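A.B. asks:
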Amino acid sequence: MEWNLLLFCLIGGVVCVDTDTFLQSMLSQPLIACTFVGLLFDNITLGLTVGMLMQLPFLAEIPVGGRNMSFGNLGAYVASGLAIFFSEKINGSQNIILIAAILWGTAISYITSPLLKYRRNFNLVLVRKADQAVKRGRLSEISLYQYCGVMAAFIFGVVYCWIFFEGGERFIIYVMYKIPAQMENKLVLIKPILLGAGIGAMMYGFINKKSFTLAGIGVVAGAAFFLLKSYF
Amino acid sequence: MNLGYCFCLLPFVKRVALDEEGRKKIVLRNMRFFNSNPYLSSFLVGVSLNFEEKNFNSKTGVDFKKLERLKRRLSESLAVIGDQLLWARILPLTAFIGFTVSFIWGILGPVLFFLIFNFVQIYVRFKGVVLGYREGENAVRKLDFKKFNKIAEYLFGFGAFLSGFVFVMIPVSQSYKNMPELIVFALSAVVMFFFLRLKITVPVSLVVLIFAGIFTGAIIY
Numbered sequence: 053m054e055w056n057l058l059l060f061c062l063i064g065g066v067v068c069v070d071t072d073t074f075l076q077s078m079l080s081q082p083l084i085a086c087t088f089v090g091l092l093f094d095n096i097t098l099g100l101t102v103g104m105l106m107q108l109p110f111l112a113e114i115p116v117g118g119r120n121m122s123f124g125n126l127g128a129y130v131a132s133g134l135a136i137f138f139s140e141k142i143n144g145s146q147n148i149i150l151i152a153a154i155l156w157g158t159a160i161s162y163i164t165s166p167l168l169k170y171r172r173n174f175n176l177v178l179v180r181k182a183d184q185a186v187k188r189g190r191l192s193e194i195s196l197y198q199y200c201g202v203m204a205a206f207i208f209g210v211v212y213c214w215i216f217f218e219g220g221e222r223f224i225i226y227v228m229y230k231i232p233a234q235m236e237n238k239l240v241l242i243k244p245i246l247l248g249a250g251i252g253a254m255m256y257g258f259i260n261k262k263s264f265t266l267a268g269i270g271v272v273a274g275a276a277f278f279l280l281k282s283y284f
Numbered sequence: 313m314n315l316g317y318c319f320c321l322l323p324f325v326k327r328v329a330l331d332e333e334g335r336k337k338i339v340l341r342n343m344r345f346f347n348s349n350p351y352l353s354s355f356l357v358g359v360s361l362n363f364e365e366k367n368f369n370s371k372t373g374v375d376f377k378k379l380e381r382l383k384r385r386l387s388e389s390l391a392v393i394g395d396q397l398l399w400a401r402i403l404p405l406t407a408f409i410g411f412t413v414s415f416i417w418g419i420l421g422p423v424l425f426f427l428i429f430n431f432v433q434i435y436v437r438f439k440g441v442v443l444g445y446r447e448g449e450n451a452v453r454k455l456d457f458k459k460f461n462k463i464a465e466y467l468f469g470f471g472a473f474l475s476g477f478v479f480v481m482i483p484v485s486q487s488y489k490n491m492p493e494l495i496v497f498a499l500s501a502v503v504m505f506f507f508l509r510l511k512i513t514v515p516v517s518l519v520v521l522i523f524a525g526i527f528t529g530a531i532i533y
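In structure tokens, the structure reads:
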């Protein structure tokens, strides 16, 4: 497990770097990062499920300017790791594990959001240092400070994943201990709720008075498509 | 972003300015405050390269105040357009397409999401640098802001259509045969929509909905 955890945390570092520091190729988006975790730890279905459940709601947060954001990508990534890790260990409590992991991932993404301010302040320090280096005529230091910024984001991601994976383990064990196994069947509404929340987030991003008709056409087209599909 | 901006120019700086003093001047010029969209800022990188190259080749030098004005004016416009187009339209839409495809073909969804988004962002970055570098100060005339707005509008419409389509697709593909599942799905979509309109953050909205789901499930089943 130690090697797996190390690998998981290192990829967490890459997720953090891709989120806002370097490339922004969307490898860090829950749908991709969580599926990758699933692929790595031999449970693609669960990784993909967590990714799908957490992808759409967090799209409502647009990373523009100095806006304060939650660590949605890292939270989803940790949640997928926890869900896969516990589903390997425990059989028959899939819903409880899924809810606990997603709840943990969502909660930490929100609670840790003030840390973003400190990361931005650290980046400002690097910019000032680069500025002074240029004035002193040391151009090579520009690259150095740029790489320092990337490295700092990577280390932040690694440490974040490690701390919250360990914390999440204890949280899920506590939840499993507190919630009776009979509750498993009563938690079937969680997937429809999270999928609904995702669609709600998309509706928030794309539907207004102007586009309401198009959304209606989409509903009719969807209904017609599936009716025809079931008919043939 | 000024550090990143300079970092992009560095390989070029080493090529056009052979002496240390010349390099220092170029870097200092471009180290001033800069904030724009990370994808569309490549356009301004191209314009800067054009100015620096012209300056290197001409005996009288070029007017860098012009570049400074252009950068200040365009960085804001490009930020608005880039955020509107890439962050608010293309990213959610490609993720939404990936999400929808995942329902039918599983792992192909994330792959498709990654490929489509990166095709667009690499194209935008590449095209931006080339256009800015080729046209220099005239590049601004080549930017058709109306066209960008039109594209954003079409994508917005397509997003609305897809929202409606997926709203029907999810219950069907997940085969929600029980009424509670169907009602809870539709209700949580509406509640999330209003939570976001009320500026309640995504994590808080999700936690509230999850707890509501746990209690509803405990009562119904």
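Each protein sequence line maps, in turn, to chains A and B. Each number in my numbering comes from the position in the first sequence (counting from 1) with 52 added on. Each number in my numbering comes from the position in the second sequence (counting from 1) with 312 added on. Ideal Cβ positions, reconstructed from N, Cα and C, are used throughout, including at glycine. None of these values were measured; they are calculated from a predicted model.
1) Is the number of C-beta pairs between the stretch 314-326 of chain B and the stretch 192-204 of chain A that are closer than 8 Å three or more?
2) Looking at chain A, is there any beta carbon in it that lies within less than 8 Å of the beta carbon of lysine 336/B?
3) From arginine 509/B to alanine 253/A, what does the alpha carbon distance come to, in whole angstroms?
4) Do you know how far the Cα of phenylalanine 223/A is from the Cα of tyrosine 229/A?
5) Which residue wins for smallest C-alpha separation from proline 109/A, given the options Ile532/B, Gly334/B, Val514/B and Leu521/B?
6) Going along the chain, which residues of the stretch 110-143 of chain A sit with their C-beta nearer than 8 Å to a C-beta in chain B?
7) On the three-state DSSP scale, how would you describe serine 414/B?
8) Cα-Cα, which of Asn461/B, Ala524/B, Thr372/B and Gly334/B is closest to valine 496/B?
9) Determine the DSSP secondary structure at methionine 235/A, reduced to helix, strand or coil.
10) Can you tell me whether asparagine 314/B is helix, strand or coil according to DSSP?
11) In or out: glycine 274/A buried (at least 16 other Cβ within 10 Å) or exposed?
12) State the CB to CB distance for the pair leucine 126/A and glycine 201/A, rounded to an integer number of angstroms; the pair is presumed to be in contact (CB under 8 Å).
13) Tell me whether arginine 453/B sits in a helix, a strand or coil according to DSSP, three-state version.
14) Give the range of the alpha helix (DSSP H) segment to which methionine 254/A is assigned.
15) Once DSSP output is grouped into helix, strand and coil, what is the label at glutamine 486/B?
16) Taking valine 69/A and phenylalanine 258/A to be in contact with their CB atoms under 8 Å, please state how far apart those CB atoms are, rounded to whole angstroms.
17) Is the shortest distance between the beta-carbon of phenylalanine 429/B and the beta-carbons of chain A less than 8 Å?
18) Look up lysine 337/B in the DSSP assignment and say whether it is helix, strand or coil.
19) Determine the chain B residues that contact serine 145/A at a beta-carbon separation under 9 Å, and present them in chain order.
20) If you follow the alpha helix (DSSP H) that aspartate 333/A is in, where does it begin and where does it stop?
21) On the criterion of 16 or more Cβ atoms from any shown chain inside 10 Å, does asparagine 450/B qualify as buried, or is it exposed?
22) At which residue ranges does the stretch 322-371 of chain B contain complete alpha helix (DSSP H) runs of 4 or more residues, listed in the order of the chain?
23) Using the C-alpha atoms, what's the distance from phenylalanine 345/B back to arginine 453/B?
24) Compute the Euclidean distance between the alpha carbons of leucine 420/B and serine 414/B, then round it to the nearest angstrom.
25) For leucine 239/A, go through chain B and note every residue whose CB falls closer than 7 Å to its CB, in chain order.
26) Just mark phenylalanine 527/B as buried or exposed, buried being the case when its beta carbon has 16 or more other beta carbons within 10 Å.
27) Tell me which residue opens and which closes the alpha helix (DSSP H) that asparagine 430/B is part of.
28) Does any CB atom of chain A fall closer than 8 Å to the CB of asparagine 314/B?
29) With alanine 204/A and phenylalanine 174/A assumed to form a contact (beta carbons below 8 Å), what rounded beta-carbon distance in angstroms separates them?
30) Are the stretch 337-353 of chain B and the stretch 174-186 of chain A touching, with three or more C-beta to C-beta distances below 8 Å?
31) Pull out every residue of the stretch 218-246 of chain A whose Cβ sits closer than 8 Å to any Cβ of chain B, in chain order.
32) If glycine 440/B sits next to glycine 358/B, beta carbons under 8 Å apart, how far is it from one beta carbon to the other, in whole angstroms?
C.D. replies: According to the data block:
1) yes
2) Translated into the one-based positions of the second sequence, residue 336/B becomes position 24. So, interface residue.
3) Counted from its first residue, the second sequence places residue 509/B at position 197. Counted from its first residue, the first sequence places residue 253/A at position 201. Whole-angstrom Cα-Cα distance: 10 Å.
4) The count along the first sequence starts at 1 and reaches residue 229/A at position 177. The count along the first sequence starts at 1 and reaches residue 223/A at position 171. C-alpha separation (whole angstroms): 10 Å.
5) Along the first sequence, one-based indexing puts residue 109/A at 57. When only C-alpha atoms are compared, the closest one is Val514/B.
6) Phe110, Leu111, Ala112, Glu113, Ile114, Pro115, Val116, Gly117, Ser122, Gly124 and Gly127
7) Taking the second sequence and counting its residues from 1, one reaches residue 414/B at position 102. Three-state DSSP puts serine 414/B in a helix.
8) Taking the first residue of the second sequence as 1, we reach residue 496/B at position 184. The residue with the shortest Cα to Cα distance from valine 496/B is Ala524/B.
9) The sequence position of residue 235/A within the first sequence is 183, counting from 1. If DSSP states are grouped into helix, strand and coil, methionine 235/A belongs with the helices.
10) Taking the first residue of the second sequence as 1, we reach residue 314/B at position 2. Helix at asparagine 314/B.
11) Within the first sequence, residue 274/A is the residue found at index 222, counting from 1. The residue in question, glycine 274/A, is buried, as its Cβ has 16 or more Cβ neighbours within 10 Å.
12) Start at 1 with the first residue of the first sequence, and residue 126/A comes out as number 74. Start at 1 with the first residue of the first sequence, and residue 201/A comes out as number 149. At roughly 17 Å, the Cβ-Cβ gap does not stay under 8 Å, so leucine 126/A and glycine 201/A are not in contact.
13) For the purposes of this step, residue 453/B is taken as residue 141 along the second sequence, with counting starting at 1. Residue state, collapsed to three classes: helix.
14) By one-based count along the first sequence, residue 254/A stands at place 202. Methionine 254/A -> alpha helix (DSSP H) spans 242-258.
15) On the second sequence, position 174 is the one that residue 486/B refers to. Coil.
16) Translated into the one-based positions of the first sequence, residue 69/A becomes position 17. Translated into the one-based positions of the first sequence, residue 258/A becomes position 206. That belief does not hold up - the Cβ atoms of valine 69/A and phenylalanine 258/A are roughly 29 Å apart, past 8 Å.
17) Taking the first residue of the second sequence as 1, we reach residue 429/B at position 117. Yes, because at least one Cβ of chain A sits closer than 8 Å to the Cβ of phenylalanine 429/B.
18) In the second sequence, the residue the question calls residue 337/B occupies position 25. The answer is helix: DSSP assigns lysine 337/B an H, G or I state.
19) Residue 145/A sits at position 93 when you count from the first residue of the first sequence. None at all; the shortest Cβ gap to chain B is about 14 Å.
20) Lying outside 53 to 284, the shown extent of chain A, residue 333/A is not represented and no answer is given.
21) Numbered from its first residue, the second sequence carries residue 450/B at position 138. With fewer than 16 Cβ atoms within 10 Å of its Cβ, asparagine 450/B is classed as exposed.
22) 332-342 and 353-369
23) Locating residue 453/B in the second sequence gives position 141, counting from the first residue. Locating residue 345/B in the second sequence gives position 33, counting from the first residue. Each residue's alpha carbon lies about 24 Å from the other.
24) Residue mapping note: residue 420/B aligns to position 108 of the second sequence, counting from 1. Residue mapping note: residue 414/B aligns to position 102 of the second sequence, counting from 1. Their Cα atoms are separated by approximately 6 Å.
25) Locating residue 239/A in the first sequence gives position 187, where the first residue counts as 1. Those within 7 Å of leucine 239/A in chain B are Ile526 and Gly529.
26) Numbered from 1 along the second sequence, position 215 holds the residue referred to as residue 527/B. Under this definition phenylalanine 527/B is an exposed residue.
27) The sequence position of residue 430/B within the second sequence is 118, counting from 1. Start and end: 420-447.
28) Taking the second sequence and counting its residues from 1, one reaches residue 314/B at position 2. Cβ-Cβ to chain A under 8 Å: yes for asparagine 314/B.
29) For the purposes of this step, residue 204/A is identified with residue 152 of the first sequence, where counting begins at 1. For the purposes of this step, residue 174/A is identified with residue 122 of the first sequence, where counting begins at 1. With 8 Å as the limit, alanine 204/A and phenylalanine 174/A qualify as a contact, their Cβ atoms being about 6 Å apart.
30) yes
31) Met235, Asn237, Lys238, Leu239, Val240, Leu241, Ile242, Lys243, Pro244, Ile245 and Leu246
32) Taking the first residue of the second sequence as 1, we reach residue 440/B at position 128. Taking the first residue of the second sequence as 1, we reach residue 358/B at position 46. With a Cβ gap of about 6 Å, glycine 440/B and glycine 358/B count as contacting.
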